[in-house]
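Trainee:
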DNA sequence: AGTGAATATGTAGCAGTACTACAATGTCCC
DNA sequence: GGGACATTGTAGTACTGCTACATATTCACT
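Residue numbers (UniProt numbering), protein chains in the order written: chain A, 1 to 311; chain B, 1 to 311.
1) Contact between the stretch 183-201 of chain A and the stretch 255-267 of chain A: three or more CB pairs below 8 Å?
2) Please state the DSSP three-state secondary structure of residue 294/A.
3) For residue 300/B, which of helix, strand or coil comes out of DSSP?
4) Below 8 Å CB to CB, which residues in the same chain sit around residue 228/A once its five sequence neighbours on both sides are set aside?
5) The alpha helix (DSSP H) spanning residue 33/B covers which residue range?
6) Classify residue 215/A: buried if its beta carbon has 16 or more other beta carbons within 10 angstroms, exposed otherwise.
7) Taking the beta strand (DSSP E) that residue 126/A belongs to, which residues open and close that run?
8) Using the C-alpha atoms, what's the distance from residue 292/A back to residue 206/A?
9) So, is the C-beta of residue 93/B closer than 8 Å to a C-beta in chain A?
10) What three-state label does DSSP hand residue 29/A in the structure shown?
11) What three-state label does DSSP hand residue 115/B in the structure shown?
12) Residue 295/B to residue 245/B, Cα distance in whole Å?
13) What do you reckon, are the CB atoms on residue 148/B and residue 3/B nearer than 8 Å?
14) Would residue 48/B and residue 6/A be called neighbours here (beta carbons separated by less than 8 Å)?
15) Measure from the C-beta of residue 301/B to each C-beta in chain A and report whether the shortest distance is under 8 Å.
16) Please decide whether residue 18/B counts as near chain A, where near means a Cβ-Cβ distance under 8 Å.
17) Please name the residue in 66/A, 195/A, 11/A whose C-alpha comes closest to that of residue 219/A.
18) My output table needs one value for residue 258/B: the three-state DSSP class, helix, strand or coil.
19) Express the C-alpha separation of residue 140/B and residue 209/B in angstroms, rounding to a whole number.
20) Can you give, in chain order, each stretch of the alpha helix (DSSP H) that sits fully within the stretch 223-285 of chain B and has at least 4 residues?
21) Do you know whose CA, among 135/B, 132/B, 142/B, lies nearest residue 125/B's CA?
22) Please compile the residues from chain B whose C-beta is within a distance smaller than 8 Å of the C-beta of residue 136/A.
23) Using only the alpha-carbon positions, how far apart do residue 162/B and residue 66/A sit?
24) Return the first residue and the last residue of the beta strand (DSSP E) that residue 162/B is part of.
25) Buried or exposed: residue 37/A, going by 16 or more other Cβ atoms within 10 Å of its Cβ?
26) Answer yes or no: does any C-beta atom of chain B fall closer than 8 Å to that of residue 85/A?
27) What are the boundary residues of the beta strand (DSSP E) that residue 147/A is part of?
28) If distances are taken between C-alpha atoms only, which option among 45/B, 86/B, 58/B comes closest to residue 63/A?
29) Using a 10 Å radius around the Cβ and a threshold of 16 neighbouring Cβ atoms, would you call residue 304/B buried or exposed?
30) If you measure between the beta carbons of residue 237/A and residue 198/A, is that distance less than 8 Å?
31) Could you say which of 160/B, 138/B, 134/B lies nearest to residue 150/B if we only look at CA atoms?
32) With a cut-off of 8 Å, does the C-beta of residue 181/A fall near any C-beta of chain B?
33) Considering only heavy atoms of the ligand SAM, does any lie closer than 7 Å to the CB of residue 30/B?
34) Which residue's Cα is closest to the Cα of residue 96/B: 272/B, 137/B, 281/B, 297/B?
35) Please look up how many angstroms separate the CB atoms of residue 224/B and residue 241/B, rounded, as I've assumed it's under 8 Å.
36) With a threshold of 8 Å between beta-carbons, can residue 257/A be considered close to chain B, or not?
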C-alpha cells in the first residue's frame with residue numbers, strides 16, 4: 001500500500017469521473033495502455049478490486065470509489081502546496097520582522113504601529129539590535145527589514161542587500177544647558193576639541209565623525225565616556241559630564257541638553273532600511289517599506305526649525 | 001510550479017524539521033547528494049529562495065517554511081488515501097445495498113431493519129428486484145447482497161458469486177378455503193393436475209416445479225393465469241380462480257387460502273444470499289450476512305407446525 | 001594560523017519506471 | 001457475423017532519481 005503515489009491516484013480519479021480508460025487517457029494526455037499499466041500497479045497494493053469491467057468499459061468498484069475520493073484530497077493538498085508560495089508572497093497581513101538600532105526604533109516604530117494597526121495590515125514583529133556597522137547586513141538573514149545607519153563617508157552597504165534610504169540626519173553637538181558654547185549658533189571642530197567627550201563604543205557608526213572632528217581640529221580628543229544609548233547620553237550630558245554627538249531628529253529632546261549644529265566636518269548619518277532582495281517579493285514587506293518612507297518624511301519635517309535646508 | 005511533486009515536498013519538509021541535508025538524507029535513507037538534487041529541482045519551480053546556507057548547514061527561508069507547511073497537508077492526505085481502503089473495508093456502519101425478490105424482501109427485510117437499527121450498524125439500502133433466475137447473479141454487480149431463489153434441481157449459481165444458504169423452503173399448494181382438496185392432509189401431483197393453475201411467468205424459478213407436477217401426473221396443466229407476486233396470487237386463489245404453488249414460510253398467510261404439502265415431486269426452493277466474493281471483505285457486509293442467517297433461522301421456525309421435518 | 005572533521009554540492013554512470021507503438025483480446029451493435 | 005470500439009499485454013525507449021566519488025566551504029580545536 002505504501003507505494004500508492006499521486007500519479008496512480010490521479011489516474012484512478014480520472015477513470016472514476018470519466019468512466020473509461022480511453023477518456024482518462026485523453027484527459028491525462030497519454031495512451032490507454034499507460035492508464036491500464038498504472039491501474040495494474042495500483043491494484044497490486046490493494047487487496048480488493050478497485051475496478052471492474054462493465055461491458056467493454058472499465059468502472060470503479062465501491063472500494064475504488066472510496067480511494068478515488070481520497071485522491072481528491074491529495075490533489076487538493078498538492079494544489080494548495082503549489083500555490084502556497086504565491087499565497088505566502090501575496091498575503092497583505094503576513095508577519096514582517098523589523099530590527100532597528102535604538103534611536104531609529106524609538107523614532108520609527110511608533111509611526112509603524114499607528115499606520116499599520118488596521119486589520120489586513122502586516123503584523124509587525126519588532127526587535128532592537130544595537131550592533132556595530134558591519135553587523136547590520138548579516139541581520140537581514142534573521143529579519144525581513146533592518147533599520148541601519150552609517151556615516152556619509154563610511155563604506156557603503158554590501159551589494160548583497162537592498163537599501164531603502166530613509167533619512168540623511170544631521171549630527172549635532174549636545175551641550176549641557178548653560179554651557180558657554182551654547183552662546184554660539186553653530187560650532188566648529190576647534191570649538192569642541194578640548195571638551196571631554198561622551199562617545200559610542202568603537203566600531204559603532206558615529207565614531208568616525210568623532211575622529212573627523214579630531215582630525216579637523218588637529219587635536220587628540222578626550223574620550224571621557226563610552227555610551228551607546230542616546231537616552232543615557234542625554235542624561236549624562238545634562239549632568240555636565242561632557243559633550244556628545246547626537247542625532248538631530250531621532251533622539252528624544254532633553255530639557256537639560258542644548259543641540260548646536262557642527263560646521264567644518266560633514267556630520268551626518270544615513271538611516272537606511274536594509275533587506276535581502278527576495279524578501280521584498282512579499283507584499284507585506286513592501287507595505288512596511290512604504291510606511292517606513294512616509295514615516296521618514298514625517299520625522300525629518302516634524303521639528304520645522306531643524307530641517308536640513310536650514311541647518 | 002506544476003512539477004512540484006510529493007517527493008520534493010517530502011525532502012523539503014524533512015530538511016525543515018531536521019535542519020540539515022545530511023540529517024534529511026539519513027531520515028529518507030538516501031545520500032545527501034540525492035537530497036541536494038531534489039532541492040535544486042524544487043527550487044527551479046519557485047521564484048524565491050526556499051533554502052539558504054547557515055554556516056555549513058542548509059536551512060529553510062520563510063518561503064520554504066510556508067511550502068513545507070503545505071507539504072504536511074499533502075503527506076496527510078496521502079496517508080489518508082493509503083488507509084482509505086482499509087477504512088472502507090473496516091467501517092462497521094458502511095452502506096450495504098441489499099436486493100431481493102418480493103417474498104424474500106417481505107420476509108427478511110423487517111428482520112434486518114429491527115436487528116440493525118442501532119447506531120454503528122450498517123446502513124441498509126434496499127431494492128426489490130423480481131427477475132428470472134438467470135438474472136440474479138448479474139445483480140451482484142450492482143448490489144452488495146442479492147437475495148435469490150432457485151429450485152432444488154435447477155442449475156446451481158455460477159461460481160463467480162459467493163453463496164450464503166438461507167432457507168430451503170417447501171412449496172405448498174394454495175387452495176381456496178372450502179375447496180374439496182382441503183380435506184386431504186397432503187396432495188399428490190395427480191390430485192392437482194386437473195385444477196386450473198395460477199403460475200409465475202416463464203423463466204421464473206417456480207415454473208420448473210409446475211412442469212415437474214405435469215410430468216409426474218403425465219398431464220398437460222391448464223395454466224389459467226401468470227402472476228409473479230404472491231400477495232396478488234393469494235387474492236386470486238381466495239377468489240376461486242385456481243390453485244397455485246406458494247412458499248410455506250415467506251408468503252404472508254391469507255384467511256381465504258389453505259396450504260397443503262405436495263408429495264411425489266420435490267417441491268422446494270433454495271433462498272440464498274448471493275454476493276461477489278470481494279464484497280464480503282467489508283465488515284458491514286459481513287454483518288448483514290450474519291443477520292440474514294439469523295433471520296432465516298427465525299423465519300423457518302416461526303410456524304412450528306410447518307417446519308420441514310414434519311411436512 | 002593551520003589542520004582535520006563536518007556539511008553541502010557537482011558530475012558521471014546506473015537502475016528502475018512510465019511511457020509509446022503495436023498486437024491481441026474482448027464486447028457491442030447492426 | 002462483421003466492423004467499430006475498448007481494454008490489456010509486450011517490447012523497446014526515454015527519463016528520472018539514485019549512488020559513488022570528487023570538490024568546496026565552514027567550523028572547531030590546537
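The C-beta atom is built at its ideal place from N, Cα and C for all residues, glycine as well.
Mentor: Once the coordinates are examined:
1) Between the stretch 183-201 of chain A and the stretch 255-267 of chain A there are three or more inter-stretch CB-CB distances shorter than 8 Å, so the stretches are counted as touching.
2) The residue given as residue 294/A occupies position 294 in the first chain. DSSP places residue 294/A in the helix class (H, G or I) of the three-state scheme.
3) The residue labelled residue 300/B in the question sits at position 300 within the second chain. Here residue 300/B sits in helix by DSSP.
4) The residue given as residue 228/A occupies position 228 in the first chain. Within its own chain, the residues whose Cβ lies closer than 8 Å to the Cβ of residue 228/A, once the five positions on either side in sequence are excluded, are 102, 130, 200, 201, 204, listed in chain order.
5) Taking the first residue of the second chain as 1, we reach residue 33/B at position 33. Per DSSP, the continuous alpha helix (DSSP H) segment holding residue 33/B begins and ends at 32-44.
6) Residue 215/A sits at position 215 when you count from the first residue of the first chain. Burial call: exposed.
7) Counting from one through the first chain, the residue named residue 126/A turns up at place 126. Looking at the DSSP string, the run of the beta strand (DSSP E) that includes residue 126/A is 123-128.
8) Stepping through the first chain from its first residue, residue 206/A is reached at position 206. Stepping through the first chain from its first residue, residue 292/A is reached at position 292. Rounded to the nearest whole angstrom, the CA to CA distance from residue 206/A to residue 292/A is 22 Å.
9) Here residue 93/B refers to the residue found at position 93 of the second chain. So, not an interface residue.
10) Within the first chain, residue 29/A is the residue found at index 29, counting from 1. Reduced to three states, the DSSP call for residue 29/A is coil.
11) Position 115 of the second chain holds residue 115/B. Note: residue 115/B maps to helix in three-state DSSP.
12) Here the question's residue 295/B lines up with position 295 in the second chain. Here the question's residue 245/B lines up with position 245 in the second chain. Each residue's alpha carbon lies about 23 Å from the other.
13) Position 148 of the second chain, counted from the start, is the residue given in the question as residue 148/B. Position 3 of the second chain, counted from the start, is the residue given in the question as residue 3/B. No, Cβ-Cβ distance for residue 148/B and residue 3/B is not below 8 Å.
14) Position 48 of the second chain, counted from the start, is the residue given in the question as residue 48/B. Position 6 of the first chain, counted from the start, is the residue given in the question as residue 6/A. The beta carbons of residue 48/B and residue 6/A sit no closer together than 8 Å.
15) Position 301 of the second chain, counted from the start, is the residue given in the question as residue 301/B. Taking a beta-carbon distance threshold of 8 Å, residue 301/B does not count as an interface residue toward chain A.
16) Numbered from 1 along the second chain, position 18 holds the residue referred to as residue 18/B. Residue contact check for residue 18/B against chain A: no CB pair falls below 8 Å.
17) For the purposes of this step, residue 219/A is taken as residue 219 along the first chain, with counting starting at 1. When C-alpha distances from residue 219/A are compared across 66/A, 195/A, 11/A, the shortest belongs to 195/A.
18) Numbered from its first residue, the second chain carries residue 258/B at position 258. Residue 258/B falls in the strand class under three-state DSSP.
19) Within the second chain, the letter at position 209 stands for residue 209/B. Within the second chain, the letter at position 140 stands for residue 140/B. Looking at the backbone, the Cα of residue 209/B and that of residue 140/B are separated by about 26 Å.
20) Scanning the stretch 223-285 of chain B for uninterrupted alpha helix (DSSP H) segments of 4 residues or longer gives 230-238, listed from N- to C-terminal end.
21) If you number the second chain from 1, residue 125/B lands on position 125. Nearest to residue 125/B by alpha-carbon distance, out of 135/B, 132/B, 142/B, is 142/B.
22) Locating residue 136/A in the first chain gives position 136, where the first residue counts as 1. Neighbours of residue 136/A on chain B: none; closest Cβ ~18 Å, over 8 Å.
23) Here residue 162/B refers to the residue found at position 162 when the second chain is read from its first residue. Here residue 66/A refers to the residue found at position 66 when the first chain is read from its first residue. Near 23 Å, if we compare the C-alpha coordinates of residue 66/A and residue 162/B.
24) Here the question's residue 162/B lines up with position 162 in the second chain. Counting along the chain, residue 162/B sits inside the beta strand (DSSP E) bounded by residues 162-176.
25) Translated into positions along the first chain, residue 37/A becomes position 37. Residue 37/A should be labelled exposed.
26) Taking the first residue of the first chain as position 1, residue 85/A is located at position 85. Yes, because at least one Cβ of chain B sits closer than 8 Å to the Cβ of residue 85/A.
27) Walking along the first chain from the start, residue 147/A turns up at place 147. Counting along the chain, residue 147/A sits inside the beta strand (DSSP E) bounded by residues 145-151.
28) Along the first chain, read from residue 1 onward, the residue named residue 63/A stands at position 63. Comparing Cα-Cα distances from residue 63/A to each of 45/B, 86/B, 58/B, the minimum goes to 86/B.
29) Working through the second chain from its first residue, we reach residue 304/B at position 304. No answer about residue 304/B holds up, because its pLDDT of 45 lies below 50 and its placement is not dependable.
30) Reading the first chain from its first residue, position 237 is the one you call residue 237/A. Reading the first chain from its first residue, position 198 is the one you call residue 198/A. Contact flag set, yes.
31) Position 150 of the second chain, counting from 1, holds the residue named residue 150/B. Shortest Cα-Cα distance from residue 150/B to any of 160/B, 138/B, 134/B involves 134/B.
32) Counting from 1 along the first chain, the entry for residue 181/A is found at position 181. No, because no Cβ of chain B sits closer than 8 Å to the Cβ of residue 181/A.
33) The ligand SAM is not part of the structure shown, which contains no ligands of any sort.
34) Locating residue 96/B in the second chain gives position 96, counting from the first residue. Nearest option by C-alpha distance: 281/B.
35) In the second chain, the residue the question calls residue 224/B occupies position 224. In the second chain, the residue the question calls residue 241/B occupies position 241. Sure, about 7 Å apart at Cβ, within 8 Å.
36) For the purposes of this step, residue 257/A is taken as the residue at position 257 of the first chain. For residue 257/A, the answer is no, since every Cβ of chain B falls outside 8 Å of its Cβ.
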